[in-house]
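So the protein sequences, as listed, match chains S and W.
Under this note's numbering, the first residue of the first sequence carries the number 101, and numbering increases by one thereafter.
Under this note's numbering, the first residue of the second sequence carries the number 5, and numbering increases by one thereafter.
Notes follow the structure.
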Amino acid sequence: MNRLEATERGTLLTCPDCWGVLSMRTEGDAGHVYFRCQIGHGFSIESVVAAKKQQLEDRLWSATLTIHEVIRMLEEFETQLRPLVTDRNVIAERRARAQRDIEILRRLTESNEPIAFAAGRERARRGERRP
Amino acid sequence: MTDNARDVVMVGASAGGVQALMDLVGKLPAEPPVAVAVVIHRSPLYETHVAELLGRRTALPVIEPVDESPFEHGCIYIAPRDHHMRLEGSRLRLDHGPKQHRTRPAIDPLFWSAAFAYGDRVVGVLLSGVGEDGVSGLITIKSMGGISIVQDPNEAKFPTMPRNAIVYGDVDYVLPLDGIGASLTRLAEGEPGGVPGRERARRA
Numbered sequence: 101m102n103r104l105e106a107t108e109r110g111t112l113l114t115c116p117d118c119w120g121v122l123s124m125r126t127e128g129d130a131g132h133v134y135f136r137c138q139i140g141h142g143f144s145i146e147s148v149v150a151a152k153k154q155q156l157e158d159r160l161w162s163a164t165l166t167i168h169e170v171i172r173m174l175e176e177f178e179t180q181l182r183p184l185v186t187d188r189n190v191i192a193e194r195r196a197r198a199q200r201d202i203e204i205l206r207r208l209t210e211s212n213e214p215i216a217f218a219a220g221r222e223r224a225r226r227g228e229r230r231p
Numbered sequence: 005m006t007d008n009a010r011d012v013v014m015v016g017a018s019a020g021g022v023q024a025l026m027d028l029v030g031k032l033p034a035e036p037p038v039a040v041a042v043v044i045h046r047s048p049l050y051e052t053h054v055a056e057l058l059g060r061r062t063a064l065p066v067i068e069p070v071d072e073s074p075f076e077h078g079c080i081y082i083a084p085r086d087h088h089m090r091l092e093g094s095r096l097r098l099d100h101g102p103k104q105h106r107t108r109p110a111i112d113p114l115f116w117s118a119a120f121a122y123g124d125r126v127v128g129v130l131l132s133g134v135g136e137d138g139v140s141g142l143i144t145i146k147s148m149g150g151i152s153i154v155q156d157p158n159e160a161k162f163p164t165m166p167r168n169a170i171v172y173g174d175v176d177y178v179l180p181l182d183g184i185g186a187s188l189t190r191l192a193e194g195e196p197g198g199v200p201g202r203e204r205a206r207r208a
């Protein structure tokens, strides 16, 4: 496992690959940024953002799955739940809300698009250094 | 070997890299002999026979090494799928360690290890691709006295990786594939790697 070098500083970011802690350093005259976790996973700014976008998508699907499971449990155990539930509408309302939440998550997943880094590419095309 | 001979050639490529490498391997110097190690981003799951494809374009042996294979002049070594390849002394090491930029094999581990193992004998070459793998590696090669070359972004099928190297690294030469071959020959002879008609790279 890696130790923090003198040139590195910790960040508040978690490693997309193992959930460890990302430290960062800059290298070279143009200040190239490099992230690394204790295990040794390495990233640039672009690859860590891409990995975080993937992490977000994975977690949105996990949230969606969890809501499906809640609905399934309410349906499968309706008989057992009957003595506990005074108002049958409660379960129906909960199920309807769950369907709406799933739709919200689906729209979030659809809009979770990659970042184009267009500005950076434009600077690179002109041969400029980062400020 | 002359004093300043750069005979350890490290090549990294990503998207568009197979074609670029197929062009480049035929242009590598046979004399003086150089030792070449290549990382191309490749599928971890499917065998793509890159070594075979490259082998058809050169008389030099193109080898996918095993762990601890010797690193020898006159040979081209290409990292097998799903393993990082590094230089350790005169041997190639393979490992299944943490991915870099979610990629394995990655270019940075090869370049870092070469810089520390061979210092000013190293030439780092970055070809067509996307992302920043290899940029940190080139910076390290330069810091240990090596030379850095990137494929001209105007020629590269995917120009982003060479461009990122130009922005963040201290690139010595920006050249088309033809020029890279000629430059490597001069560098192996201990001459500067400039190619007639092309200026040495400058950062804006």
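Where a beta carbon is used, it is the ideal one built from N, C-alpha and C, also for glycine.
Remember, it's a predicted structure, so these values are computed and weren't measured experimentally.
The C-beta of isoleucine 204 of chain S has fewer than 16 other C-beta atoms within 10 Å across all chains shown, which makes the residue exposed. Within the same chain, and ignoring the five residues on either side of valine 70 of chain W in sequence, the residues whose Cβ sits closer than 8 Å to its Cβ are Leu98.
Spanning the alpha carbons of arginine 46 of chain W and glutamate 56 of chain W requires a straight line of approximately 14 Å. In the displayed model, alanine 39 of chain W falls within a strand according to three-state DSSP. Interface criterion not met: the Cβ of serine 162 of chain S is under 9 Å from no Cβ in chain W. Rounded to whole angstroms, the separation of the alpha carbons of threonine 52 of chain W and serine 73 of chain W is 21 Å.
Looking at W:Leu96, W:Gly128, W:Ser18, W:Arg85, the one whose alpha-carbon comes closest to that of threonine 144 of chain W is W:Gly128.
Nearest C-alpha to glutamate 92 of chain W among W:Arg85, W:Pro102, W:Trp116: W:Trp116. For the pair isoleucine 151 of chain W and alanine 130 of chain S, the Cα-to-Cα distance works out to about 17 Å. A direct Cα-to-Cα measurement between proline 65 of chain W and arginine 95 of chain W gives close to 17 Å. Judged by DSSP secondary structure, alanine 169 of chain W falls within the alpha helix (DSSP H) whose first and last residues are 164-172. Following the DSSP letters along the chain, one finds alanine 17 of chain W inside the beta strand (DSSP E) bounded by residues 12-17. In the three-state reduction of the DSSP assignment, tyrosine 134 of chain S falls in the strand class.
In summary, tyrosine 50 of chain W is exposed, with fewer than 16 beta-carbon neighbours lying within 10 Å of its beta-carbon over all protein chains present.
By the CB criterion at 9 Å, valine 199 of chain W and leucine 181 of chain W fall outside the cutoff.
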